[in-house]
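Asker: Pasting in a structure now, in structure tokens, and then I'll have a few things to ask.
Numbering (my numbering), first residue to last: 0 to 321.
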């Protein structure tokens, strides 16, 4: 249980501190709670994640506002929480990540064909539908309005190091996603789970998620059920002739526990006739080593295997590398 305790303590320090005071407090509580750790040890290792545990508890009984309330909910609803943790995964379909990806995506001339690995409900397959408000840190901002600003969310993002930011949306002519467990953007239960994955204090983020879901429901993106190790080629084969294929993913490869699998995936991507945009924690992909992030918890966005930017996990920041 020591490793599990360390995992929750590390989650509090690296991911939750400064972002979600409640999750930081609860994670430290779990790290020192024999009863909570024993509950988690009954689950398979991939199901012991902090985000999954806290989301499942909130899904069952609302948000516990204190460690004492947390313990009471776990005693009263442990079996139901465990069932949800077995059935659901942390498919955080954060459309705000498009704000961090778009500066790199816009470097490639259209028409573009997008394939997202680990697409969840497909909200990140719609970067041409959203608005963006990049804050430049100098009191200035660069804004790109959505094609339908009354319907689409506008995502704020702190941006640094860029000579220019996009002034138009990319031309996307085809898009599809791949996921082991696709979520249906038209299904209320699936969308309710996505909302529960938003951290408690982030009400504005939850409002933007709801707006993105409503927009996506007008023309639901196509998501195929499949494994990135075996089923990507079939989607790539469908890319329309004349379109530039862009394959991208965020916070996906850490779910491949075998380092050799991650290395093999990176090698296959490097050999493809496609643009590859990866947005993962540093060190997850063997051969891509940007060093430690300037801000703890940041991801490294790489283009065709070359580090290009540091990004906030939810798209809240992007800083150009080099």
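From the three backbone atoms N, C-alpha and C, an ideal C-beta is built for every residue, glycine too. Small disclaimer: the values here were computed from a predicted structure and weren't measured.
Does DSSP classify residue 238 as helix, strand or coil?
Answerer: If DSSP states are grouped into helix, strand and coil, residue 238 belongs with coil.
Asker: Using only CA atoms, which one of 50, 36, 46 and 1 lies nearest to residue 11?
Answerer: Nearest of 50, 36, 46 and 1 to residue 11, Cα basis: 50.
Asker: Within the same chain, show all residues whose beta-carbon is closer than 6 Å to that of residue 193, passing over the 5 residues directly before and after it, in chain order.
Answerer: Cβ neighbours of residue 193 beyond the five flanking positions: 92.
Asker: Which of the three DSSP states is assigned to residue 222 in this structure?
Answerer: Correct three-state label for residue 222: strand.
Asker: Alpha helix (DSSP H) containing residue 356: first to last residue?
Answerer: Here the chain comprises residues numbered 0 to 321, so residue 356 is not present and cannot be evaluated.
Asker: Please name the residue in 56, 100, 111 and 206 whose C-alpha comes closest to that of residue 85.
Answerer: If we check each option's Cα against that of residue 85, 56 comes out closest.
Asker: Any chance you could list the alpha helix (DSSP H) runs of at least 4 consecutive residues sitting entirely within the region 11-54, in chain order?
Answerer: Runs found: 20-30 and 33-40.
Asker: How many Å lie between residue 196 and residue 62 at the Cα?
Answerer: Straight-line Cα distance between these residues: approximately 12 Å.
Asker: Would you identify the three-state DSSP class for residue 79, choosing helix, strand or coil?
Answerer: Helix, per DSSP.
Asker: Roughly how many whole angstroms lie between the Cα atoms of residue 247 and residue 5?
Answerer: Each residue's alpha carbon lies about 31 Å from the other.
Asker: If I follow the unbroken beta strand (DSSP E) through residue 301, where does it start and stop?
Answerer: Segment 298-302, the beta strand (DSSP E) holding residue 301.
Asker: Buried or exposed: residue 378, going by 16 or more other Cβ atoms within 10 Å of its Cβ?
Answerer: This structure gives no information on residue 378, because the portion of the chain shown stretches from 0 to 321.
Asker: Shortest alpha-carbon distance to residue 83 belongs to which of 46, 265, 209 and 107?
Answerer: Comparing Cα positions, the closest option is 46.
Asker: Which value, in whole angstroms, describes the spacing of the CA atoms of residue 102 and residue 77?
Answerer: Taking the straight line joining both Cα atoms gives about 44 Å.
Asker: Measure from the C-beta of residue 309 to each C-beta in chain C and report whether the shortest distance is under 8 Å.
Answerer: Protein chain content of the structure displayed is limited to a single chain, and chain C is not contained in it.
Asker: Going by the CB atoms, is the gap between residue 311 and residue 159 shorter than 8 Å?
Answerer: Contact: no.
Asker: Provide the residue span of the alpha helix (DSSP H) that contains residue 212, from first to last.
Answerer: Residues 202-216.
Asker: Could you tell me which of 216, 206 and 174 sits nearest to residue 187, measuring between CA atoms?
Answerer: Comparing Cα-Cα distances from residue 187 to each of 216, 206 and 174, the minimum goes to 216.
Asker: In the DSSP output, which residue or residues are listed as bridge partners for residue 176?
Answerer: The partner list for residue 176 (beta bridge, DSSP) reads 115 and 222.
Asker: Leaving out five residues before and five after residue 119 in sequence, what residues of the same chain have Cβ atoms less than 7 Å from its Cβ?
Answerer: Cβ neighbours of residue 119 beyond the five flanking positions: 90, 92, 178 and 182.
Asker: Quick one: what's got a C-beta closer than 8 Å to residue 235's C-beta in the same chain, skipping five residues either side?
Answerer: Once the five neighbours on either side are set aside, the close Cβ partners of residue 235 are 114, 244, 246, 271 and 273.
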